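Structure, as structure tokens:
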Amino acid sequence: MKKSLVASLIAAGALGVTVGVFTTPHIPVTAQAQPTVSTAAPLVPQGLPDFVSLYERNSPSVVSISVSTNVKRNAPKAGADGAAPDREDMEEFFKRYFGQGGSGGRNLPRDFRKQGGGSGFIISGDGLIITNSHVVEDADEVLVKLTDNREFKAKVIGSDKRSDVAVIRIDAKDLPAVKIGNPDRLRVGEWVAAIGQPLGFESTLTSGIVSAKSRASRGGDATGDLVPFIQHDAAVNPGNSGGPLFNMRGEVVAINSMIATVSGGFQGISFAIPIDLAMDVVGQLQAGGSVKRGMLGVNIGAVSRDLAEAFNLPKAQGALVSGVNKGSAADKAGIKEGDVVLKFNDRVVADSRDLPRYVTSARPGTPSKVQVWRDGKTVELSVTLDEYKDTTQVASVTRETPKAVAAKVESTKADSLGLTLRPLSEKERGAAKLASGGAVVSDVSEQSSVRALTEGDIIVGVTRKGQSTVITSPSQLAELIKSTEKGVTLAFRVKRPADRAGSEYAEFFAPEKLPE
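Right, dumping it as structure tokens:
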């Protein structure tokens, strides 16, 4: 086996294939392989990526960025809530770089200079450069180094945290600019290459393939709900941030932004911001210094197979509207709780996470088209979007919260689901902003089959077989459940306490299937 492996590696070298982290298929060659007569074409791998030419053409357009920030020990951080810089962070910083620490911070200098950096790439010959917002955030000084070793001080033209895109400028001319590609043409499995300064190693090229598209990151970052990340497995490490991701035509298709990791280093899952989204942000930052995004004003949730059955949808897709903000663009357009958004401006909402991205990519104040599924059929609506603000949620995600404590009042049984129901108290009605109707789940029996409902939930509506019913009382809800055939899935529209005091309520749809 060892001899055969060595022969294979030699053969790969003879074919001009570099054997390393990213290996390519090769043809084993043995000493006996001496064909005397053959008309067949040689078995040479076709379509191998030419990273050499890509690097030579494009690396001069990639820059290394260094940033520094003056941090005052006893002064509050910019934009903070009045708290001083974290002492543990400062102690760790000086311990690692100056051999200090262990003194409770008593010997730390009052001021110090925080260093950082990343990558970027030139998009115009007069010195315009794109990078990540988090690379230049709060920087007092930004230095750009070109591959010919020239260094320039850069001016931050604009920065957008929500997309993690920033544009900076240096005073230079006749610079080599990248070519901008179309990320929509990328296919999963296609080769891509990243150039940047990972861990400070300038002009480093790494390669991989596109492993997924339109991916939402899971790190709780600010960009996760707005950016349809391109996921790839080219090695990306600290310092690659802001650098370009190239397709094999040498065009920039994305900006490397973050990685999924448990160790702090590369583990095969990298995320990049599509370049078309980034260029739109850059254009707005150049024009006005800020980015304007549309806002619909709804709370949404995913459409599971159970919910699709309850709403009589042909398949599980779209964004289910669980709440509509009063006076919002959605409210004015006639969007209702229980609608399933199927399309926005003719773009299919395959997953609920698509909708916030589509909405925020549209300009506020301009008419947009929305297609919703309502009462078993599609409805076309026109909406004029409001302007999105950072303090406003595009869509809320419902999480389980502590159960509300219910007073002892007259209750009603819904035996088929093992539920006990009661009317709302005045406090619950006021907090849930419900003028009338509704039923509170006061108890769930141990034998109950329910999975999504819990004690303290307020049920305000039910959808079955695509038809929605407003709940007016516990007895009406119990009768509705009783009259439904076995095995049918009901979608309960629920208001659930969002805090321990029960002063705020989240809204969502809970699917429950009646026992056979």
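Counting in numbering that gives the first Met the number 0, the sequence shown runs from 0 upward without gaps. Even for Gly, the Cβ is constructed at its ideal location relative to N, Cα and C. Bear in mind the structure is a predicted one, so any value in this text is a computation, not a measurement.
Would you list the residues sitting across from Tyr504 in a DSSP beta bridge? Pro496
Nearest residue (CA-CA) to Lys212, options Arg186, Asn236 and Val235: Per the Cα distances, Arg186.
DSSP beta-bridge partners of Asn255: Ala271
Strictly by DSSP, which residues pair up with Glu140? Partner(s): Ser67.
Euclidean distance between Cα positions of Val290 and Asp159: 7 angstroms
Buried or exposed, going by whether 16 or more other CB atoms sit within 10 Å of the CB of Pro496? Burial call: buried.
Proximal residues to Ala165 (C-beta, below 6 angstroms), its chain only, five neighbours per side dropped: Closer than 6 angstroms at the Cβ level, and outside the excluded window around Ala165, lie Thr130, Ser132, Val135 and Ser158.
Residue span of the beta strand (DSSP E) that contains Ser441, given as start and end: Ala438 to Val443
Leaving aside the five residues before and after Thr359 along the sequence, list all residues of the same chain whose C-beta is less than 7 angstroms from its C-beta, in chain order. Leu225, Arg292, Gly293, Tyr387 and Val393
Tell me which residue opens and which closes the beta strand (DSSP E) that Asp159 is part of. Glu150 to Asp159
State buried or exposed for Ala500, treating a residue as buried only when at least 16 other CB atoms are found within 10 Å of its CB. exposed
Would you give the residue range spanned by the beta strand (DSSP E) that Leu319 belongs to? Ala318 to Val323
For Arg492 versus Ala309, is the C-beta spacing smaller than 8 angstroms? no
Does DSSP put Phe50 in a helix, in a strand, or in coil? helix
Suppose the cutoff is 8 angstroms on Cβ atoms and the five residues either side in sequence are ignored; what does the same chain contact list for Thr383 look like? Ala328, Lys331, Ala332, Gly364, Thr365, Pro366 and Ser367
Bounding residues of the alpha helix (DSSP H) (the contiguous stretch that carries Ala307): According to the DSSP assignment, Ala307 belongs to the alpha helix (DSSP H) that extends over Arg304 to Ala309.
What do you reckon, are the CB atoms on Gly282 and Phe508 nearer than 8 angstroms? In this structure, Phe508 does not lie closer than 8 angstroms to Gly282 by Cβ.
If distances are taken between C-alpha atoms only, which option among Ile254, Pro237 and Pro197 comes closest to Phe245? Residue nearest to Phe245 within the set Ile254, Pro237 and Pro197 is Ile254 (criterion: CA-CA distance).
Spell out the partners DSSP gives Pro243 in its beta bridges. Ile254
CA-to-CA distance, Ala315 to Asp350, given in whole angstroms: 9 angstroms
Taking the CB atoms as reference points, tell me whether Ser123 and Ser63 lie closer together than 8 angstroms. no
By how many angstroms is the C-alpha of Lys154 removed from the C-alpha of Glu201? 21 angstroms
Out of Val251, Leu276, Asn236 and Met247, which has the shortest C-alpha to C-alpha gap to Thr260? Ranking the options by Cα distance to Thr260, first place goes to Asn236.
Rounded to a whole number of angstroms, what is the C-alpha to C-alpha distance between Ala193 and Ser269? 10 angstroms
Would you please state the rounded distance, in angstroms, between the beta carbons of Ala215 and Arg352? I believe it to be under 8 angstroms. 5 angstroms
If you draw a straight line from the C-alpha of Lys342 to the C-alpha of Arg304, how long is it? 19 angstroms
Throw me the rounded Cβ distance for the Arg168 and Ile156 pair, which I believe falls under 8 angstroms. About 6 angstroms separates the CB atoms of Arg168 and Ile156; that is less than 8 angstroms, so the two are in contact.
Rounded straight-line distance, which links the Cα of Gly296 to that of Arg490: Note on identity: in this sequence residue 490 is Ala, with Arg being the wrong assignment. Taking the straight line joining both Cα atoms gives about 22 angstroms.
Taking the CB atoms as reference points, tell me whether Asp125 and Ser67 lie closer together than 8 angstroms. Ser67 sits away from Asp125, with the two beta carbons spaced by 8 angstroms or more.
Go ahead and pull the three-state DSSP assignment for Glu427. Assigned with DSSP and collapsed to three states, Glu427 falls in helix.
Do Val280 and Pro182 have their CB atoms nearer than 8 angstroms? No, Cβ-Cβ distance for Val280 and Pro182 is not below 8 angstroms.
First and last residue of the alpha helix (DSSP H) that includes Arg356? First-last of the alpha helix (DSSP H) with Arg356: Asp353 to Thr359.
Reference Gly436; option with closest CA among Ser474, Asp414, Leu418 and Glu454: Comparing Cα positions, the closest option is Ser474.
Would Leu416 and Ser447 be called neighbours here (beta carbons separated by less than 8 angstroms)? Contact: yes.
By the DSSP assignment, the beta strand (DSSP E) with Ser289 in it spans what residues? No residue range can be given for Ser289, since it is assigned to no beta strand (DSSP E) and is classified by DSSP as neither H nor E.
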